[in-house]
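First up is the structure itself, then whatever we jot down about it.
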Amino acid sequence: MFYYEVEPRFSDTDALGHINNTVYPVWFEQARTPIFRIFHPSLTPEGWPLILARMEIDLKAQCYWATPVEVRSGIGKLGNSSFEVIQEAWQNGALVARGVTVLIHFDYETQKSVPVPDEIRNQLTGHVFEE
Numbered sequence: 016m017f018y019y020e021v022e023p024r025f026s027d028t029d030a031l032g033h034i035n036n037t038v039y040p041v042w043f044e045q046a047r048t049p050i051f052r053i054f055h056p057s058l059t060p061e062g063w064p065l066i067l068a069r070m071e072i073d074l075k076a077q078c079y080w081a082t083p084v085e086v087r088s089g090i091g092k093l094g095n096s097s098f099e100v101i102q103e104a105w106q107n108g109a110l111v112a113r114g115v116t117v118l119i120h121f122d123y124e125t126q127k128s129v130p131v132p133d134e135i136r137n138q139l140t141g142h143v144f145e146e
């Protein structure tokens, strides 16, 4: 599993004083960077091999400014060319959001999905999400 600490910004809050629901996709994307590096270590746009197919986020509790948030990321289901990234945001020991993202190993030139190579598949299985 991968861990990423977020320091919520004041601008991440909404009129009710808690973290706005639009912020979680941004935090979760940033926390997926170690997974992106497995596929494309340079992180350059040239030759980028992934495309986002689906994203869902369940808000579990209110989250607030000025207190760190830990995002935990791991691999869920692993298919032939697609895989799930399961992510949770925790603040003060409480689960505040849980998300599942489906990414596809993708060839932008052919506009088609391609199988995840065995070497990458082996690395991903070392980061299975633990509940």
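Heads up, the sequence shown is in my numbering, so the first residue is 16 and it goes up one at a time. All residues carry an ideal CB built from backbone N, CA and C; glycine is no exception. In this text, all values refer to a predicted model and were calculated from it rather than measured experimentally.
- Query: Can you tell me whether DSSP reads residue 47 as helix, strand or coil?
  - Reply: For the purposes of this step, residue 47 is taken as residue 32 along the sequence shown, with counting starting at 1. The answer is coil: DSSP assigns residue 47 none of H, G, I, E or B.
- Could you give the DSSP three-state label for residue 138: helix, strand or coil? Against the sequence shown, residue 138 aligns to sequence position 123. Three-state DSSP puts residue 138 in a helix.
- Got a sec, what are the start and stop residues for the beta strand (DSSP E) residue 122 sits in? For the purposes of this step, residue 122 is identified with residue 107 of the sequence shown, where counting begins at 1. It spans 109-122 - the beta strand (DSSP E) in which residue 122 sits, taken as one unbroken run.
- Item | residue 74 beta carbon less than 8 Å from that of residue 121 | As a first step, residue 121 must be located in the sequence shown, where it is residue number 106. As a first step, residue 74 must be located in the sequence shown, where it is residue number 59. In this structure, residue 74 does not lie closer than 8 Å to residue 121 by Cβ.
- Compute the beta-carbon to beta-carbon distance between residue 93 and residue 103, rounded to the nearest angstrom, for a pair I have assumed lies under 8 Å. Reading the sequence shown from its first residue, position 78 is the one you call residue 93. Reading the sequence shown from its first residue, position 88 is the one you call residue 103. In fact, because the Cβ distance is near 19 Å, the residues do not count as touching under 8 Å.
- Item | Beta bridge counterpart(s) of residue 99 as assigned by DSSP | Here residue 99 is taken as the residue at index 84 of the sequence shown, counted from 1. DSSP output for residue 99 lists 117 as bridge partner(s).
- Message: Starting from residue 90, trace the beta strand (DSSP E) in both directions and tell me its first and last residue.
- Response: Locating residue 90 in the sequence shown gives position 75, counting from the first residue. From DSSP, the beta strand (DSSP E) with residue 90 extends over 84-93.
- Message: Could you check whether residue 84 and residue 106 sit closer than 8 Å to each other, using their CB atoms as the reference points?
- Response: Position 91 of the sequence shown, counting from 1, holds the residue named residue 106. Position 69 of the sequence shown, counting from 1, holds the residue named residue 84. A contact, by the Cβ cut-off of 8 Å.
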